[in-house]
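Just so you know, the sequence shown maps onto residues 10 to 392 in this note's numbering.
Cβ atoms here follow ideal geometry from the backbone N, Cα and C, with glycine treated the same way.
Being a predicted model, the structure only gives us computed values, none of them experimental.
Worksheet: one structure, shown below.
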Amino acid sequence: MKNQNPIKIFVLSGKRGGFGALRPFLKRIKNSSRTKLILALTDQHLSAKFGNTIQEVRSDFSNLELLPLGDYGSSQEDKSYAMSNLQKLITKSLIKTKPDYVVVYGDRAESLVTAFVANLLSIKIIHFQGGDKSGSVDEHFRHAISKLSHLHFVSCLDSKKRLIQMGENRENIFEVGDSHIDEILDGKIIDEQEMRKNLKIPINKKIITLLQHSETTRVKSSGQQFYKTIKALQLFMKKYENYIVIAIYPCSDPGYEEIVDLINKSSIIFSFYKNLDAPLFRSLVSNSMVLIGNSSAGIIESPYLGTPSINIGRRQQNRLSTSMTINVNHDVDEIFEALEKVQKDKFHLKEYIYGNGKSDLKAYKAILKRDKDINFAKIFFDI
Numbered sequence: 010m011k012n013q014n015p016i017k018i019f020v021l022s023g024k025r026g027g028f029g030a031l032r033p034f035l036k037r038i039k040n041s042s043r044t045k046l047i048l049a050l051t052d053q054h055l056s057a058k059f060g061n062t063i064q065e066v067r068s069d070f071s072n073l074e075l076l077p078l079g080d081y082g083s084s085q086e087d088k089s090y091a092m093s094n095l096q097k098l099i100t101k102s103l104i105k106t107k108p109d110y111v112v113v114y115g116d117r118a119e120s121l122v123t124a125f126v127a128n129l130l131s132i133k134i135i136h137f138q139g140g141d142k143s144g145s146v147d148e149h150f151r152h153a154i155s156k157l158s159h160l161h162f163v164s165c166l167d168s169k170k171r172l173i174q175m176g177e178n179r180e181n182i183f184e185v186g187d188s189h190i191d192e193i194l195d196g197k198i199i200d201e202q203e204m205r206k207n208l209k210i211p212i213n214k215k216i217i218t219l220l221q222h223s224e225t226t227r228v229k230s231s232g233q234q235f236y237k238t239i240k241a242l243q244l245f246m247k248k249y250e251n252y253i254v255i256a257i258y259p260c261s262d263p264g265y266e267e268i269v270d271l272i273n274k275s276s277i278i279f280s281f282y283k284n285l286d287a288p289l290f291r292s293l294v295s296n297s298m299v300l301i302g303n304s305s306a307g308i309i310e311s312p313y314l315g316t317p318s319i320n321i322g323r324r325q326q327n328r329l330s331t332s333m334t335i336n337v338n339h340d341v342d343e344i345f346e347a348l349e350k351v352q353k354d355k356f357h358l359k360e361y362i363y364g365n366g367k368s369d370l371k372a373y374k375a376i377l378k379r380d381k382d383i384n385f386a387k388i389f390f391d392i
C-alpha cells in the first residue's frame, strides 16, 4: 500500500496557559508519522511584558512560525488594532504552510481571528474547549469559534450537549476531557522544596496564589475590581500573619495594565511573576492554601491539584465548577469571608468533571478516525 502524505496540522498559541494545556497533544502530533505539526506563536509568547514565553516553547519545539504583534496597550481599541494585524500575519502564514487543519484553543481573540481567516481560505478547523460556558466577552468568542469549526474536542458532556444544541454534527464532537488535566495526572510537577527554593519562599510561610484577569465586559473597572481583592487579602493577612501572597501577571486582555500597575505597587504581595513554567506553577498552586482571582486555572486545574479556589466576579461565573471553588462578587467582605472559609475548612475533590487525562491521545485518534469524512462546507444539524 502506498504511503499517504501526513496530515498537516497548524496550531496557533497566543499564551503560555493554552500552550501548556496543548503540549502533550503537540508532542503527539509532532512525533507521529501520520501527522505533521506546524506550530505558530503570537501575542504573549513574543512579548517581554508577559515573560517571552517562547523560551518555554523552544525547549520542546523548533521550526516555529512567529507572528509578532509588537507592543500594544491594554485598551479595547489597542486589542482590536493588534488583532487586525494578526489577521494579515495569519493569512500569510496559512498561505505559505498550506495545512489540512488549523487548531485553535478556547475563547481567545486570536483564536477567533484565526478561525475567521481559515474559513476564508477554506481550511478546516479543530477547536478545543468548545461548548464550555464562562462569562464576559469570552462567552461570545467561544461559541462563535465553535460555529466556525469542523471538529470539536470538548471538556465534558455538558459542553458536547451545547454544541449539538448549536447545530453541530454529533459525529464530529468528541468528549476528550480538559487538556489542562493531562500533564497534572502525568505528574509533570516539581516538589514543594524545589518550588520554594526557586521562588525564594520561606519554608515557614503559607502561600496564597493570586491570578486575576480583567473582565472584558467591564474593562474600565479592572483596576477597581483588583483593588478590592488586594484590600480583602490585606485584611486577611492582618488577622492571619503567617501567609504570603505570590501574584502572577494577568493575560493580555484589555484592562491588564491597571492590574499590573497595582501588582507592582502593592505592599502585601511577597513576589510576582510575569510567567511561571507549567511544572513550577502547578507546584505553587498545589502547595498554596488557595488560588484566588478569576483564572480558569482556579476552576479546572486547581481542584485536580488538591487546592481550593476563590473565583471572583463574572469572568468565569458560568463555567462548570466543583465544590472546591467558592464563587464571590467583587466585594471586599465576600472575598474576606471566602478566605476565612478556606482557612478553616477542609476541601476534597469529589467530582472529576473534566475527565481523567489522556485527552491528547483521544484527540489524535479522533483526527485519524474522522479525517476522510469531514467536509469543509458545513450544514446546521437539527436536534
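Report task. Drop a sphere of 10 angstroms on the beta-carbon of residue 196, count the other beta-carbons inside from all chains shown, and report buried for 16 or more, exposed for fewer. Result -> exposed
Query raised in the report: DSSP on residue 34, reduced to helix/strand/coil?
Result: helix
Query - Cβ neighbours of residue 75 in the same chain (closer than 7 Å, five flanking residues each side left out) - result: 50, 55
Query raised in the report: In chain order, what residues of the same chain lie with their CB nearer than 6 Å to the CB of residue 317, ignoring the 5 residues before and after it?
Result: 299, 333, 351, 356
Query raised in the report: Which class does residue 379 belong to by DSSP, given the choice of helix, strand or coil?
Result: helix
Report task. Can you give me the start and stop residues for the alpha helix (DSSP H) that residue 331 sits inside? Result -> Where residue 331 is concerned, there is no enclosing alpha helix (DSSP H), given that its DSSP letter is neither H nor E.
Report task. Give me the Cα-Cα distance between residue 106 and residue 68, rounded to the nearest whole angstrom. Result -> 23 Å
**Report entry** Rounded Cβ spacing between residue 216 and residue 296 (contact assumed at less than 8 Å)
**Finding:** 6 Å
Query raised in the report: Between the region 25-37 and the region 126-136, are three or more C-beta pairs nearer than 8 Å?
Result: no
Query raised in the report: DSSP beta-bridge partners for residue 302?
Result: 220, 320
Query - Residues near residue 286 in its chain [Cβ-Cβ closer than 6 Å; skip 5 each side] - result: 65
Query raised in the report: Should residue 177 go down as buried or exposed, given a rule of 16 or more other Cβ atoms within 10 Å for buried?
Result: buried
Report task. Report buried or exposed for residue 305, applying the criterion of at least 16 other Cβ atoms within 10 angstroms of its Cβ. Result -> buried
Query raised in the report: For residue 73 versus residue 48, is the C-beta spacing smaller than 8 Å?
Result: yes
Query raised in the report: From which residue to which residue does the beta strand (DSSP E) around residue 193 run?
Result: Element bounds for residue 193: not the beta strand (DSSP E) but the alpha helix (DSSP H), 189-194.
Query raised in the report: Would a C-beta distance cut-off of 8 Å place residue 112 and residue 19 closer than the cut-off?
Result: yes
Query raised in the report: Between which two residues does the alpha helix (DSSP H) harbouring residue 199 extend?
Result: No alpha helix (DSSP H) contains residue 199, which DSSP labels as neither H nor E.
Query - Sequence-distant residues of the same chain with beta carbon closer than 8 Å to residue 340, five excluded per side - result: 237
Query raised in the report: Between the C-alpha atoms of residue 385 and residue 133, what's the straight-line distance to the nearest angstrom?
Result: 6 Å
Query raised in the report: Under the DSSP definition of a beta bridge, which residues are partnered with residue 215?
Result: 252
Query raised in the report: For residue 242, is the classification buried or exposed, using 16 other Cβ atoms within 10 angstroms of its Cβ as the cut-off for buried?
Result: buried
Requested in this report: Could you say which of 185, 22, 175, 224 lies nearest to residue 376 if we only look at CA atoms?
Outcome: 185
Query - Spatial neighbours of residue 383 in its chain, beta-carbon cut-off 7 Å, leaving aside the 5 residues before and after - result: 133, 159, 160, 181
Query raised in the report: In or out: residue 342 buried (at least 16 other Cβ within 10 Å) or exposed?
Result: exposed
**Report entry** C-beta contact flag for residue 137 and residue 114 at 8 Å
**Finding:** yes
Query raised in the report: Ordered along the chain, which non-local residues of its own chain (more than five positions away) have a Cβ less than 6 Å from that of residue 276?
Result: none
Requested in this report: Output yes or no for whether 8 Å exceeds the beta carbon distance between residue 59 and residue 284.
Outcome: yes
Query raised in the report: Going straight from the alpha carbon of residue 42 to that of residue 116, what length do you get?
Result: 30 Å
Query raised in the report: For residue 319 versus residue 301, is the C-beta spacing smaller than 8 Å?
Result: yes
Query raised in the report: Rounded to a whole number of angstroms, what is the C-alpha to C-alpha distance between residue 21 and residue 28?
Result: 9 Å
Query raised in the report: Quick one, are the C-beta atoms of residue 288 and residue 198 less than 8 Å apart?
Result: yes
Report task. Could you tell me whether the region 322-329 touches the region 90-102, where touching means 3 or more Cβ pairs closer than 8 Å? Result -> no
Report task. Note down the Cα distance separating residue 373 from residue 365, rounded to an integer number of angstroms. Result -> 16 Å
Query raised in the report: What's the gap between the Cα of residue 282 and the Cα of residue 256?
Result: 6 Å
Query raised in the report: Taking residue 221 as the reference, which of 260, 90, 108, 191 has the closest Cα?
Result: 260
Query - Extent of the continuous alpha helix (DSSP H) to which residue 348 belongs - result: 341-353
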